[in-house]
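Remarks on the structure that follows.
This is the structure:
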């Protein structure tokens with residue numbers, strides 16, 4: 028005959044194991060959903076930014092053309108507007124270099140996206156399980172051994 032306490036203990040261990048597996052699956056699903064939401068928002072932002080950049084680029088072309096002709100007229104160099112276009116070109120290279128350096132600094136400081144809610148939830152669960160182990164010594168949940 029089997030001892031009823033042992034079979035109850037086995038059932039309890041099996042229930043805890045199933046609950047932990049379910050909890051892990053739910054945490055993975057939460058992390059996936061959170062990352063998908065962030066990726067979708069990122070894609071929408073990139074598309075809107077690209078459209079805005081196209082319109083801004085065409086506007087900038089006409090503005091730079093006008094600035095070049097204006098500088099030529101102000102300087103009154105006579106033969107052609109090449110000096111005005113040269114000054115505008117040098118300014119564009121300067122602004123491009125500054126923008127490139129700023130972009131490099133921002134990208135360097137950026138961190139990869141991570142599922143913050145899922146990580147916080149996992150930490151809370153780990154603390155709860157660890158706290159329950161302290162109150163119930165000799166339970167079926169083994170302690171984690173550091174490697």
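In this note's numbering, the protein residues as written are 28 to 174.
All C-beta atoms in this analysis are idealised placements derived from N, C-alpha and C, irrespective of residue type, glycine included.
Our two residues, residue 46 and residue 53, have alpha carbons roughly 10 Å apart in a direct line.
Per DSSP, residue 104 lies in no alpha helix (DSSP H) segment and is marked neither H nor E. Scanning the segment 52 to 106 for uninterrupted beta strand (DSSP E) segments of 3 residues or longer gives nothing; none is fully contained. Per DSSP, residue 137 lies in no alpha helix (DSSP H) and is assigned neither H nor E. Setting aside the 5 residues that flank it on each side, residue 107 is surrounded in the same chain by 99, each with a C-beta closer than 8 Å to its C-beta; the list follows chain order.
If you check the CB distance, residue 145 and residue 58 come in under 8 Å.
In terms of Cβ geometry, residue 112 and residue 95 form a close pair [threshold 8 Å].
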